[in-house]
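Residue numbers (my numbering): 32 to 350.
Backbone N, C-alpha and C define an ideal beta-carbon position, used for all residues, glycine too.
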């Protein structure tokens, strides 16, 4: 039985213009928190799940802002404060066409300096679910070594491991990333991937059929796989049984940054609660849709109004 979720990774400060348009001409700038693992942690906390976040932040105002916001959202925060590296930064701008551009400032950041010694102190047990992403090993060799050491510790403790591919092409090329993702996925009990990320795990396989991709991953030995496909919904394959939900319909301009993390948070929250796969997918779809309605990375998950869970329901299909 899972009693607590632990996420480990880089939390970022997020700057975004208060209005559409470039940051340089914005009369006001909003500051918040981002980073995949932090986003998942806050989504879980909003669903009432005990959750801890571990990572490095700089000894600076942005680091203090990030950790304060995580705590305010109910996350148990355990930062390593690094005087030698700044807190990473993400800058978001929405153009007149409604599209959002994202620029990261994370080279040499505190988060990229995560080390095996840092993760040695993270408590793990059979009642822990450890959530990791493919972003952390992309940040530096040392951060990659920290992930490997953490997985060794999780294995020894009997903890459940959740892994989200979450590929960032700006951090490393596909040919370098793919073997790392495959190695990490092979050590996880639960794997999340976007349908466009499946080729990293299954070399030579493409296509946009999330169900076929989930079944193919299951055939490779992954007993619990979730494949998301944006507006086409999401599919889970658990112990050979296929389950699918459509995406929740949305109107108006959408902000998709953070939607995948919200989905993961919703799915894991229902997993921890012991609810069936269909419920996990429905809640994931609702939280992902809610995140799209807010310009921030995670703030939208608090408002599920108008997102009828019946719109994201389906019956399981076994193959």
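- In this structure, residue 190 lies near residue 159, with their beta-carbon atoms less than 7 Å apart.
- With contact defined as three or more Cβ pairs closer than 8 Å, the region 145 to 156 and the region 34 to 42 are in contact.
- Of the residues 252, 294, 64 and 124, the one whose Cα lies closest to the Cα of residue 264 is 294.
- The beta strand (DSSP E) runs of length 3 or more contained entirely in the region 250 to 289 are, from start to end of the chain, 255 to 259, 265 to 269 and 272 to 276.
- By the Cβ neighbour-count rule, residue 92 is exposed, with fewer than 16 other Cβ atoms within 10 Å of its own.
- Straight across, the Cα-Cα distance linking residue 121 with residue 47 is about 8 Å.
- For residue 203, the three-state secondary structure derived from DSSP is coil.
- Taking a 10 Å sphere around the C-beta of residue 279, we find 16 or more other C-beta atoms and assign the residue as buried.
- A residue is called buried once 16 or more other Cβ atoms fall within 10 Å of its Cβ, and residue 262, having fewer, is exposed.
- With fewer than three CB-CB distances shorter than 8 Å, the region 207 to 222 does not count as touching the region 304 to 313.
- At a Cβ-Cβ threshold of 7 Å, residue 303 and residue 33 count as neighbours.
- Residues 182 and 192 of the same chain have their beta carbon placed closer than 7 Å to that of residue 218, with the five preceding and five following residues left out of the count.
- Separation of the CB atoms of residue 228 and residue 198 is rounded to 5 Å, and the pair is thereby assigned contact status at 8 Å.
- For residue 220, there is no enclosing beta strand (DSSP E), as DSSP marks it with neither H nor E.
- By the neighbour-count criterion, in which 16 or more other beta carbons inside 10 Å mark a residue as buried, residue 250 falls on the exposed side.
- Inclusion of residue 163 and residue 87 in the CB contact set at 7 Å is not warranted, their separation being larger than that value.
- Contact check for residue 226 against residue 244 passes: the beta carbons are separated by less than 7 Å.
- Within 10 angstroms of the beta-carbon of residue 117 lie 16 or more other beta-carbons, which makes it buried.
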